[in-house]
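Asker:
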Amino acid sequence: MNKLNEDTIIKLFQSRLRKRKFVSEDVEVFNLGKTKCVVNIDTLVESTDIPPRTKISNAARKSMIACVSDFAAKGVKPSFGVISVTLPRNYSKSKILLLSKSIGDTAKKLDIKILGGDTNEGKEVVIQVSLIGFSKSIVRRKGAKNGDVIFVSGPFGYSAAGLRILLDKKKGKKTFTKRAKLALLRPKSRLNFGLTAKNYFSSAMDSSDGLSTTLNELSIQSKRRFVITKCPCNLDLIEFANSNKLNLYDLIFNGGEEYEIVFTSPSKNKTKLTKLAKKLKVPLMEIGRIAKGKGVIFLHNGKTYKIKDSGWQHFRS
């Protein structure tokens, strides 16, 4: 297993389960009469996905937000959900009530009906969320054209900083520490923005595996070069990175656990997108342009840097 990474394992399954050529997307789509059924599943495992001392209510909420984020990037409203939970034998009733309430409250807020699910016994907490939606179309990962603008629906680096604060005892200003922890433990959903702005997207993808992974995947799918000219972060993150001697760009591009929408759009839509984002209180950021070529590059202080896919992957050593 040490020699296999997440991508390799996925490809092994694809080679045995699919006859058609696989196209990587945030969700699975199939025709159901004249409409398309959109499905996705996401899993939260205690030992690999839940930081120590995390409230189970926050973990349960995050399991929902993670799955919803993929729908947001595709511009599709999830309508129904199925939940599976694995719990240790001695798990307390009070924690089970907190877990179920958090899932229920999140589903209600996002107008998702939970149809049912499954319960299992295991050595650790595992929460699986599968969501279902219906749409005439989805926003694909491919579709970016030369000259399109690259946007993100919010700043990056806070989640990675929050993890460093919790695990490595890194220090930051009180307001920054609170914001970083909230970004990690209670991430915001961009579903409303994704549903409202989808017609302006030429390509889009959820960023939960890390911004570097997302940008490289979009570049591959669109067969275009992604030229990053602005770093999607705020000054407080720069101060935190400097004071703790951390690599700022690693926090921004490789941290993961952000549930932002990374998308491209023709430049003519900039004004409309800016107004819409302001109306929905979404901190939209323009970070670059699409050009002829391949790969992802970062232009900074007159120098060109290649951004490699170094985001989060399970089984990566």
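Once you know that position 175 of the sequence shown is 237 in the working numbering, the rest is easy, because the numbers rise by one and skip nothing. Glycine residues also receive a C-beta, built at the ideal position from the N, C-alpha and C atoms. These numbers come from a predicted model, not from an experiment.
1. Figure out for me which residue from D104, L94, A135 has the closest Cα to the Cα of S269.
2. Since S119 and G209 are thought to touch, with beta carbons under 8 Å apart, how far apart are those beta carbons, to the nearest angstrom?
3. Pick from D173, D271, I176, T148: whose alpha carbon is nearest that of K183?
4. Write down the C-beta distance between V344 and R252 rounded to the nearest angstrom, noting that I regard them as a contact closer than 8 Å.
5. Below 8 Å CB to CB, which residues in the same chain sit around L228 once its five sequence neighbours on both sides are set aside?
6. Does DSSP classify V201 as helix, strand or coil?
7. Which residues in the same chain have their Cβ closer than 6 Å to the Cβ of T70, if we skip the five residues on either side of it in sequence?
8. Inspect the beta-carbon positions of V358 and S281 and report whether they are closer than 8 Å.
9. Excluding the five sequence neighbours on either side, which residues of its own chain have a C-beta within less than 6 Å of the C-beta of V89, listed in chain order?
10. How many whole angstroms separate the CB atoms of K292 and G205, which I take to be in contact at a CB cut-off of 8 Å?
11. Among N152, I212, I290, which residue has its Cα nearest to the Cα of G364?
12. Assign L94 to one of three DSSP states: helix, strand, or coil.
13. According to DSSP, is T168 part of a helix, a strand, or is it coil?
14. Would you kindly report the start and end of the unbroken alpha helix (DSSP H) that includes D268?
15. Once DSSP output is grouped into helix, strand and coil, what is the label at E320?
16. So, helix, strand or coil for S379, using DSSP?
17. Can you give the Cα-Cα distance for L193 and G234, rounded to whole angstroms?
18. From what residue to what residue does the beta strand (DSSP E) around L177 run?
19. Between which two residues does the alpha helix (DSSP H) containing A353 stretch?
20. Would you report the Cα separation of L335 and Y262, rounded to the nearest angstrom?
21. I15 and T326 look like a contact to me (Cβ under 8 Å); what is the Cβ gap, rounded to whole Å?
22. By the three-class DSSP mapping on this structure, what secondary structure does L66 have?
23. Among all the DSSP beta bridges, which residues are the ones paired with C99?
24. Between M267 and the rest of its own chain, which residues show a CB-CB distance below 7 Å, the 5 nearest in sequence each way excluded?
Answerer: To lay it out plainly:
1. A135
2. Actually they are not in contact, since the Cβ atoms of S119 and G209 sit about 45 Å apart, beyond 8 Å.
3. What sits at residue 183 in the sequence shown is Glu, not Lys. It is T148 whose Cα lies nearest to the Cα of E183.
4. 7 Å
5. P113, P114, R115, K243, L246
6. coil
7. none
8. yes
9. V100, N102, D132, K136
10. Between G205 and K292 the Cβ distance is about 22 Å, and since that is not below 8 Å, they are no contact.
11. I290
12. strand
13. helix
14. Looking at the DSSP string, D268 is not in any alpha helix (DSSP H); the run it does join, the beta strand (DSSP E), is 265–268.
15. coil
16. Residue placement at S379 cannot be trusted, given a pLDDT of 43 that sits under 50; what the coordinates show is reported in the next sentence. Of the three classes helix, strand and coil, the one that applies to S379 here is coil, per DSSP.
17. 37 Å
18. 175–183
19. No alpha helix (DSSP H) contains A353, which is instead part of the beta strand (DSSP E) from 347–353.
20. 8 Å
21. Residue 15 lies beyond the residue range present for the chain, which begins at 63 and ends at 379; the question has no answer from this structure.
22. coil
23. F92, F196
24. D88, A135, R203, T276, E279, L280, V324
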